[in-house]
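Single-structure report; data block below.
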Amino acid sequence: MSLLRLSYLYLKRHLLTTAITVLSLAVAIAAVTVLLKLEVLSHSRFDTLAPQGDAIVGAKSGGIDILLGALNFEGEVPNYIPQNLYENLKARNDISFEDQAKFQSGFTVSHITPLLIFGKYKEFKLVGTDESLLSMSPADSAPQLLEGQFPQNPGEAMIGSKVAQTRSLKLGQNIHAHAEIFGSKIPSSAFPLKISGILKPTDKSWDKGIFTNLTTAQTAVAATPGYQTIWGPRVLSYFILNIQPDGQDSLASLINQRTVSQIAFVEKEKNRLQELAGSNQTLQLLVVGILLLLSTLTVLAVFYTRIEDRTVELAVLRALGRSRRDLTGLLITEGLMMGLSAIIIAAFLEFILSPVILVTAGSTLPAPTASNWPWWIIFVTGAFALIAVMIASLPPVWRLFRQDIHSTLRNIH
Numbered sequence: 012m013s014l015l016r017l018s019y020l021y022l023k024r025h026l027l028t029t030a031i032t033v034l035s036l037a038v039a040i041a042a043v044t045v046l047l048k049l050e051v052l053s054h055s056r057f058d059t060l061a062p063q064g065d066a067i068v069g070a071k072s073g074g075i076d077i078l079l080g081a082l083n084f085e086g087e088v089p090n091y092i093p094q095n096l097y098e099n100l101k102a103r104n105d106i107s108f109e110d111q112a113k114f115q116s117g118f119t120v121s122h123i124t125p126l127l128i129f130g131k132y133k134e135f136k137l138v139g140t141d142e143s144l145l146s147m148s149p150a151d152s153a154p155q156l157l158e159g160q161f162p163q164n165p166g167e168a169m170i171g172s173k174v175a176q177t178r179s180l181k182l183g184q185n186i187h188a189h190a191e192i193f194g195s196k197i198p199s200s201a202f203p204l205k206i207s208g209i210l211k212p213t214d215k216s217w218d219k220g221i222f223t224n225l226t227t228a229q230t231a232v233a234a235t236p237g238y239q240t241i242w243g244p245r246v247l248s249y250f251i252l253n254i255q256p257d258g259q260d261s262l263a264s265l266i267n268q269r270t271v272s273q274i275a276f277v278e279k280e281k282n283r284l285q286e287l288a289g290s291n292q293t294l295q296l297l298v299v300g301i302l303l304l305l306s307t308l309t310v311l312a313v314f315y316t317r318i319e320d321r322t323v324e325l326a327v328l329r330a331l332g333r334s335r336r337d338l339t340g341l342l343i344t345e346g347l348m349m350g351l352s353a354i355i356i357a358a359f360l361e362f363i364l365s366p367v368i369l370v371t372a373g374s375t376l377p378a379p380t381a382s383n384w385p386w387w388i389i390f391v392t393g394a395f396a397l398i399a400v401m402i403a404s405l406p407p408v409w410r411l412f413r414q415d416i417h418s419t420l421r422n423i424h
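The opening residue of the sequence shown carries number 12 in this note's numbering; numbering runs sequentially from there.
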């Protein structure tokens, strides 16, 4: 009888113990897989995070939220800020307040770009802006036209390279999009946008944007059911600016203390985000290590207990002519059968768990894609699990090699 057949019959005779061991191992593999995928997903935002701008102004929501919303297009539609503040900074005017106080700038803004996030086309964000988008720095990863022109007229749009590639879009084609507003899940009726320009690939979040002029964006927002602000349609989501370092404190004092907006300094918030991601990575790797260790110990305990129970069985097989090498292969085959069964079950568990975990995480993580939520990680964790099973097989094998079959068979009653 073959080793595979012998292994199958033994596992079948001890079905309950085998099932519990396989299920425990499968849960550990699935948990490790999800943790590793979450690690890849959380770090993927650093790959696509646009490097433009020294600071970003948005509604009060937290610096990291502003950073990720403006430079990685993450999250839902953000709250609004008044366009007047942007225009005064752009024109370098003194800023007046309702209490008659005036603010004379102690800072120098060298570049400023407005953004109004106002809806979606498929999985891609609609963004209202102006031509300053095409002159941001650093230029090598900033939006630049590949063909066509910036949308000058109402109802025109310029699309990122990933939008064009994914949806097979070309100049002159029309797409139908829906506007969305902050605080509402009710989208507007579909409206057409004619593609007037296509951007060069940047490998940053700009590739996933559909850009219109501000007039088109603000008109769509104002026409969306439920929209109402004290500023009318003249609103923005963010504006990105370059500022001289010696003026940062002055600008922060103005924005944070005297307006409804909040300023986020890009490098500072990136460092905070990296610190958070680094802390999560250490914790996740620790949990991964513990789960792998527990799964190894579980299999080891089962194997070691079985070797105690099957001492006579193995001695009989030796007496019938099976070599130590054959019996070693028998134990390893049993481990492989249990490990492979656990990987298959783990794949189903991970398939079920992933959507639940992503929904629970909500907007704290970027949207999963084929690149940042890789399907093949289950094979990596499965391979480590098989290695763990092989390691767990070694002590019983060592015990087998020390067995004296004559003493064992003499003690049979």
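Ideal placement from N, C-alpha and C gives every residue a C-beta, glycine not left out.
- The beta carbon of Val246 lies closer than 8 Å to those of Tyr91, Ile92, Pro93, Gln94, Leu127, Gln229, Val232 and Thr240 in the same chain, with the five residues before and after it left out.
- Taking the Cα positions, Asp76 is about 37 Å away from Ala396.
- Cα atoms of Gly171 and Leu60: separation of roughly 15 Å, rounded to the nearest angstrom.
- As a beta-bridge residue in DSSP terms, His122 pairs with Asn253.
- The distance from the Cβ of Gly159 to that of Ile209 is about 6 Å, consistent with a contact at the 8 Å cut-off.
- Take Met147, set aside five residues on each side of it, and the residues of its chain with a beta-carbon closer than 8 Å to its own are Gln63, Gly64, His122, Thr124, Ala153, Pro154 and Ile251, in chain order.
- Fully enclosed alpha helix (DSSP H) runs of no fewer than 4 residues occupy 74-82 and 94-102 of the region 49-112, in order along the chain.
- With contacts defined as CB atoms closer than 7 Å, Ala357 and Ile67 fail to qualify as a contacting pair.
- For the pair of segments examined, the region 185-196 was found to touch the region 81-91: the number of CB pairs separated by less than 8 Å reaches three.
- DSSP places Thr140 within a strand segment (E or B) once states are collapsed to three.
- Ser272 sits buried, since 16 or more C-beta atoms from the chains shown fall within 10 Å of its C-beta.
- When secondary structure is reduced to three states using DSSP, Gly393 falls in the helix class.
- According to DSSP, Ala188 shares a beta bridge with Phe202.
- Of the residues Phe129, Leu156, Lys136 and Asp151, the one whose Cα lies closest to the Cα of Glu142 is Leu156.
- Under the DSSP assignment, Gln155 falls outside any beta strand (DSSP E); it carries neither an H nor an E label.
- Minimum Cα-Cα distance from Asp58 among the listed residues Ser13, Asn383 and Ala399 corresponds to Asn383.
- With a cutoff of 7 Å on beta-carbon distance, Tyr249 and Ala81 are scored as near each other.
- Remark: C-beta atoms of Ala168 and Thr223 approach each other more closely than 7 Å.
- The beta carbons of Leu225 and Ala188 sit no closer together than 7 Å.
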